[in-house]
Amino acid sequence: MTRKAVIVFSGGQDSTTCLIHALPIYDEIHCITFDYGQRHRAEIEVARELAKQLRVKVHKVLDTSLLNELAVSSLTCDNIPIAKSTGGGVPDTFVPGRNILFLTLASMYAYQVGAEAVITGVCETESSGYPDCGDEFVKVLNSAIHLGMDYKLRIETPLMRLNKAEVWALADYHNRLDLIRYNTLTCYNGIAGSGCGDCDACALRGKGLSEFLENGAQVRTSLKIKLGL
């Protein structure tokens, strides 16, 4: 039986790490990238190039611009500046309903192609305060989708318990550290690689990379314990 998985794929560090982690596990990978009018929409082309480079069988870009009309966020409205997080509350880069919509649409697609899993790179350890990146949220949504479609689908979150240093270590484990470092786009301002260096996404990414480069052996050990590698 062919094992199939659908990946919510933005072309960023986390979703691309999920992809390289899934490639040796599943026989067939389908990537879905969402075009919701995001200000860092350069990620869509980055996702296309990465999917080609990693020889993904199917990569779809879906128009979800309705989200742009409904969700007020600095990532969907150019007139709202991207502010640094103050460390309290939900940051202005949070797009309300985004993961609810993306995971639901990816699950509908998975149903159609007979995939057993939807994979997403959400992480509650370093989620920037986003409420839709936690384990409880994913489990509840997974249960609702299972009930609503009468389909035994798993929403997998391989990065859920990892910090950013361990995410870098996972890329290194799959011998794709340079690919993730130089070819993915995480920056809220749409700059690939190390990004603008100023937004929260770049800060998390850069801090994690520094920690991994400085304490590689320790971080690798921690990763292997958490994922059972």
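With my numbering applied, the sequence shown corresponds to residues -7 to 221, in that order.
Here a beta-carbon is modelled for each residue, glycine too, at the ideal position from N, C-alpha and C.
Less than 9 Å between the beta carbons of residue i and residue j, yes or no?
i, j, result
"V114", "G126", "yes"
"C23", "K(-4)", "no"
"I172", "I(-1)", "no"
"F86", "A157", "no"
"V130", "T117", "no"
"A164", "G208", "Here the sequence assigns Asp to residue 164, which means Ala is not the residue at that position. Going by C-beta atoms, D164 is nearer than 9 Å to G208."
"E35", "N175", "no"
"L151", "L139", "no"
Could you give the distance in angstroms between the alpha-carbon of residue i and the alpha-carbon of residue j?
i, j, result
"V50", "C191", "32 Å"
"V48", "E206", "33 Å"
"L15", "A109", "13 Å"
"A98", "R153", "22 Å"
"S7", "V38", "12 Å"
"A184", "L177", "4 Å"
"E61", "H32", "16 Å"
"E128", "M(-7)", "31 Å"
"I21", "A43", "10 Å"
"Q104", "D84", "35 Å"
"L46", "L59", "29 Å"
"V132", "T213", "31 Å"
Take the Cβ of residue i as the centre, count every other Cβ of all protein chains shown within 10 Å, and call the residue buried at 16 or more, exposed below.
i, result
"K144", "exposed"
"S2", "buried"
"I217", "exposed"
"D142", "exposed"
"G220", "exposed"
"T301", "The shown model of the chain, from -7 to 221, leaves out residue 301, and the question about it has no answer."
"L215", "buried"
"A102", "buried"
"Q30", "buried"
Does any C-beta atom of chain D lie closer than 9 Å to the C-beta of residue i?
i, result
"D27", "In the structure shown, chain D does not exist; there is a single protein chain."
Give me, in chain order, the residues of the same chain whose beta-carbon lies closer than 6 Å to that of residue i; leave out the 5 immediate sequence neighbours on both sides.
i, result
"N91", "D124"
"T56", "F26, Y28"
"C194", "C179, G187, C188"
"Y18", "R(-5), A(-3)"
"G121", "V82, P83"
"H166", "I12"
"N134", "I147"
Under 8 Å Cβ to Cβ from residue i, same chain only, skipping five residues before and after it: list those, please.
i, result
"L201", "K156, A157, W160, R173"
"T112", "I(-1), V0, S7, C10, N91, F94, L95, A98, V130, I147, E148, T149"
"V211", "A157, E158, W160, A161, E203, F204"
"L54", "I24, T25, F26, D27, L97"
"I137", "L95, T96, S99, Y143, L145, I147"
For residue i, which residues from the same chain have a beta carbon less than 7 Å from its beta carbon, with the 5 sequence-adjacent residues on both sides left out?
i, result
"L199", "Looking at the sequence shown, residue 199 is not Leu but Lys. So the qualifying residues of the chain are K156."
"Q5", "V159, I172, T176, T178, R197"
"R168", "I12"
Quick one: complete alpha helix (DSSP H) runs, 4+ long, within the region 124 to 148?
-> 127 to 141
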